[in-house]
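Right, one structure below, let's go through it.
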Amino acid sequence: MNPSLIYHVTSSLDGYIARPDGRLDWFDSLRQADEEYSFQYFYSGIDALLMGRVTYEALLQRGGPWPYPGKPCVVLTRLALPRATDEIQLTHCTPAQAVAALNEAGFQRIWLVGGSLLAGNCYTAGLIDEVVINLVPHLLGAGVPLLATGMERSLTLSDQRRFNSGTLQLHYQVQKQAGASAPIPAPRISAA
């Protein structure tokens, strides 16, 4: 069984996930109860996280406890960075190799956490199966785009929610293209 890679992300109405300098202050506040419940429901249904270096470093800079406890997290990086918890694995491989290794370790629902460049690379490689966008009623005018790169693909809307804050959550299935290539064999990632 192939794993599902889910790009669950918050975006401004004009398609940016962060300000040009990477700041998230435009939505970085406490979620309202209905949004928090929805996020906790999503989080309880995933097995592992896949994250890029920039997102990981931004989380380290914020300080405080690791915001995603109880789930293994693979961070794609070439740098020797500190590990926030024992659940973090820092590795240098392609996204396809990381997803294949997580699948081999038994993880089926993988959250692609932030990162315009990583998300774009995963999308271009045909790795993303679902896109969940929390569309915040805010216009940034410029910033880090939802996807840094990508190819044209059709999406099928599978669910939508409106939160009390005015945020809309749109859940799409990515339509796979015919003739998708097989995943590249990957380095082993421990399920423990």
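Here the sequence shown is numbered in the working numbering, starting from -6 and rising by one per residue. For every residue, glycine included, the Cβ atom is placed at its ideal position computed from N, Cα and C.
With a Cβ-Cβ cutoff of 8 Å, do residue i and residue j count as a contact?
i	j	result
residue 31	residue 170	no
residue 148	residue 168	yes
residue 15	residue 137	yes
residue 100	residue 27	no
residue 5	residue 131	yes
residue 126	residue 43	no
residue 159	residue 10	no
residue 46	residue 78	no
For residue i, name the three-state secondary structure that DSSP assigns.
i	result
residue 29	helix
residue 34	helix
residue 157	coil
residue 123	strand
residue 138	strand
residue 70	coil
residue 91	helix
residue 45	strand
residue 17	coil
residue 84	strand
Shorter than 7 Å, the distance from the beta carbon of residue i to the closest heavy atom of the ligand MN, or not?
i	result
residue 56	Absence of the ligand MN from the depicted structure is noted, as is the absence of any ligand whatsoever, leaving it without description.
Just the C-alpha distance for residue i and residue j, rounded to the nearest angstrom, thanks.
i	j	result
residue 118	residue 157	36 Å
residue 180	residue 94	Low confidence applies here, because residue 180 scores a pLDDT of 49, under 50, leaving its location unreliable and the question unanswered by this model.
residue 49	residue 68	7 Å
residue 83	residue 105	15 Å
residue 18	residue 53	16 Å
residue 97	residue 0	20 Å
residue 134	residue 3	16 Å
residue 166	residue 146	11 Å
residue 76	residue 87	20 Å
residue 74	residue 92	21 Å
residue 66	residue 60	11 Å
Quick one: measure Cβ to Cβ for residue i and residue j, integer angstroms, because I've assumed they're closer than 8 Å.
i	j	result
residue 141	residue 120	No, residue 141 and residue 120 are not in contact; Cβ-Cβ is about 15 Å, not under 8 Å.
residue -3	residue 123	6 Å
residue 139	residue 57	The Cβ separation is near 26 Å, so there is no contact.
Run through the DSSP bridge pairs and tell me what residue i is partnered with.
i	result
residue 0	105, 124
residue 9	138
residue 152	164
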